[in-house]
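The structure under discussion appears below in the form of structure tokens.
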Amino acid sequence: MTYVEQLAAFVTQATYEKLSLQARQALKIHVLDALGCAIGAVEGPPLKMLYAQLEDFGGNPLVSLIGGGKTAPDRAALYNSALVRYLDYNDSYLARGETCHPSDNLGAVLAATEYAGGSGKDFLTALAVAYQVQCRLSDVAPVRAKGFDHTTQGAYAASAGVARALHLNQDQTANAVAISGTAYNALRVTRTGRLSHWKGLAYPNTAFDATHVAFLAMRGITGPLEVFEGNKGFMESISGKFEINWQQENLEAVTRTSIKKYNAEFHSQSVLEGILELRASHQVEAQNVDSIEIEIFDVAFHIIGGGEEGDKQLVRTKEEADHSLPYMVAVALLDGEVSPAQYTPERIMRQDVQALLRKVTIRPNDEMSKRFPAEMPSRIHIVLKNGQSLSSQKRDYEGFYTRPMSWEMATQKFERLASPYTDSDLRRSIEDTVERLEAMEIQQLTEPLAQVRRSKS
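Counted from 1, the sequence shown has number 412 at position 421 by the numbering used here; the numbering is strictly sequential.
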């Protein structure tokens, strides 16, 4: 069998019963977290543009949109995935050479499960498949350093999850994954330099495409089955050689996936926890700060600290702000939180944060780099204008997979994000449904999600 056929066998043989109790609970926590992120994003400017396009173009109303309305499954995958992703507040998986956001797959898997008339168990199983494929490919076949985006592995993950949700057979699944993996190899420029709306829409576009090709494969369209190992395939052209024995893979990757405590790029989380702890314990006032120096592992330095992915002290937009460690540190000290409110255009451009972020210096630390990704180490040193020095050192944060987020914490985050667009009864309905999802039909989740308020403008 080709490599993609071995992967397809893994996908089709996946069952809910193969999930450990820990993985089942973790999946439900990650689903609730992703849905909170999605509901909290319904008024995002790019989401309004996207919804306007869906309304303009139409689509056979087969599956539900969060916030109401129905459309074709691939378009629902696009829109609902964009909601999950827009705030940049959903979960993350750390590999040495790659970081991905496995709940980016939720919109596609949800659409496919609803189309297939599936159950909560079907949905959780298919989502676990997508997590496993994306996380394991991130482990063994990172592409960031070669100029490609993490959505490249996502093309395999999303198509695998959709294929499982649709109950495609092994041949259909192999073809779906082969087409998706061949067609959607995205460039890392999406997340470097001057960031655009595409930072939040790149994976939703992959979810849209992967859903589309899975339906093509369902109808008999074939793809290049040597997509991994073949002449000019993924290994030769992008990743290099790697090995995964899919016969020995489990469905436990979700238990090694972390949830964000703060609305900020993932590698910033331990720094922000440390900054906010110093602010609270020493009553630090931003106007008294002379300088802030942060030592951090190399991956964080390169992505959000001013390393190879560009200047992080030039911040003009939401997309640039949530990928700038100087901005996030400065706004945390000023406001005492890092939430969606910290990314409005008015907040970003205020002089207080623009001045303070220029007092932040980020340095890579070799010893910390060696401890990553098992840890998320950082060291913070604040010097006040009166000469007083404050320091903090972190190895992880609350929500990192070594200190996983509890159901209670996830519910609190969900409540904060969803409350502007839902009433308490609707939030409780969604929470209760997710908590008992293995005993539910997926329609019992999509129906309350459709009741989320969305403005008509």
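Virtual Cβ for every residue (Gly too), placed ideally from N, Cα, C.
By the DSSP assignment, the alpha helix (DSSP H) with D387 in it spans what residues?
No alpha helix (DSSP H) holds D387; DSSP gives it neither H nor E.
By the DSSP assignment, the beta strand (DSSP E) with L375 in it spans what residues?
369 to 375
9 angstroms Cβ cutoff met for V280 and I373:
yes
Exposure label - M(-8); buried when at least 16 CB within 10 Å
exposed
Alpha carbon to alpha carbon, how far is E220 from G172?
12 angstroms
Have a look at D79 and G191 and give me their C-alpha separation to the nearest angstrom.
7 angstroms
In the DSSP output, which residue or residues are listed as bridge partners for V54?
T62
Buried or exposed: which applies to E105, given that a residue is buried once 16 or more other Cβ atoms fall within 10 Å of its Cβ?
buried
Per DSSP, which one or two residues make a beta bridge with R185?
Paired residue(s): none; R185 is not in a bridge.
First through last residue of the beta strand (DSSP E) which encompasses P355:
351 to 355
Looking at the unbroken beta strand (DSSP E) that takes in S282, where does it start and where does it end?
280 to 287
Taking the alpha carbon of P336 as the reference point, which residue from M209, A312, A102 has its own alpha carbon closest?
A312
In chain order, what residues of the same chain lie with their CB nearer than 7 angstroms to the CB of E299, ignoring the 5 residues before and after it?
H293
Please classify Y84: does DSSP put it in a helix, a strand, or coil?
strand
Pop quiz: L69 and F199 are said to be a contact at Cβ under 8 angstroms. What is the actual Cβ separation, rounded to whole angstroms?
4 angstroms
Is the distance from the Cβ of T437 to the Cβ of L23 below 9 angstroms?
no
What residues match up with S249 in a beta bridge as DSSP calls it?
S83
Am I right that A151 and V120 are in contact with their C-beta atoms under 8 angstroms? What's the rounded C-beta distance?
5 angstroms
E(-4) to T3 span [Cα, whole Å]:
10 angstroms
Within the same chain, show all residues whose beta-carbon is closer than 6 angstroms to that of N377, passing over the 5 residues directly before and after it, in chain order.
none
Apart from the five residues on each side of it in sequence, which residues of its chain come closer than 7 angstroms, Cβ to Cβ, to Y42?
Y70
Mind checking who T90 pairs with in its DSSP beta bridge?
L85
Please classify S73 as buried or exposed, where buried requires at least 16 other C-beta atoms within 10 Å of its C-beta.
Here the sequence assigns Ala to residue 73, which means Ser is not the residue at that position. Its Cβ being crowded by 16 or more others within 10 Å, A73 is buried.
Can you give me the C-alpha to C-alpha distance between A291 and S369, rounded to a whole angstrom?
10 angstroms
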